[in-house]
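Comments concern the structure below.
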Amino acid sequence: MYHDDEEHHARCLECGDEIGYGRTDRKFCSLSCKNRYNNRKNQDSRRTKLKVLNALNRNHEILDGLLKMGMTEMNISDLKHLGFDTDYMTSCYRTRGHTEFCCFDIRYHVTPTRITSIFRMKRNLSAKDE
Ligand SMILES: [Zn+2]
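The sequence shown begins at 8 in this note's numbering and counts up one residue at a time.
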């Protein structure tokens, strides 16, 4: 909140109209503007989350598919062709000499051109068999 100019009338964050009620802490001219603004903001947030989750799911499917074929490495260009997006991971560990990334339960190393050492972390979950 800026109060450096007492004569300054706040403007509605949604429609840009001046808020003429004399209260400087108001952000919206009306309830409908407030609702519209918040709905859009929530929608943007949902969309962003969905985009990241979709990318992670796709990455996981690809890594999972490679492991099922007995493959533990692949060129990044080939992976990208399959839809893999190297910008998304669920966690990352820096160890000596390299960085390990995780996509949920699957771990891998990334070199400038390849993803290597793909392996599934073993957790003592229930026997979820294929
Ligand atoms: Zn408004």
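We put the beta carbon where it would ideally sit given N, CA and C, even for glycine.
This one's a predicted model, so the numbers in the text were calculated from it and none came from an experiment.
Which listed residue (Cys110, Phe126, Arg127 and Ser52) has its alpha carbon closest to that of Ala62: For the residues Cys110, Phe126, Arg127 and Ser52, the minimum Cα distance to Ala62 belongs to Cys110.
Local Cβ density within 10 Å of Cys99, reported as buried at 16 or more and exposed below that: Classification for Cys99: exposed.
heavy atom of ligand 1 below 7 Å from Phe108 C-beta: Taking the Cβ of Phe108 as the reference point, every heavy atom of ligand 1 lies at 7 Å or farther away.
Bridge-paired residues (DSSP) for Val117: DSSP output for Val117 lists Ile122 as bridge partner(s).
Ordered list of beta strand (DSSP E) runs contained in the segment 74-111, each at least 3 residues: The segment 74-111 contains, as complete beta strand (DSSP E) runs of 3+ residues, the segments 98-102 and 105-110 (chain order).
Assigned exposure category for Met78 - 16 Cβ within 10 Å defines buried: Its Cβ having fewer than 16 others within 10 Å, Met78 is exposed.
Separation of Thr123 from His67, as counted between CA atoms: In a straight line, the C-alpha of His67 is about 15 Å away from that of Thr123.
With 16 other Cβ atoms within 10 Å as the buried cut-off, status of Met128: Looking at its Cβ environment, which holds fewer than 16 other Cβ atoms inside 10 Å, Met128 is exposed.
Straight-line Cα distance separating Lys34 from Glu21: Between Glu21 and Lys34, the C-alpha separation is close to 9 Å.
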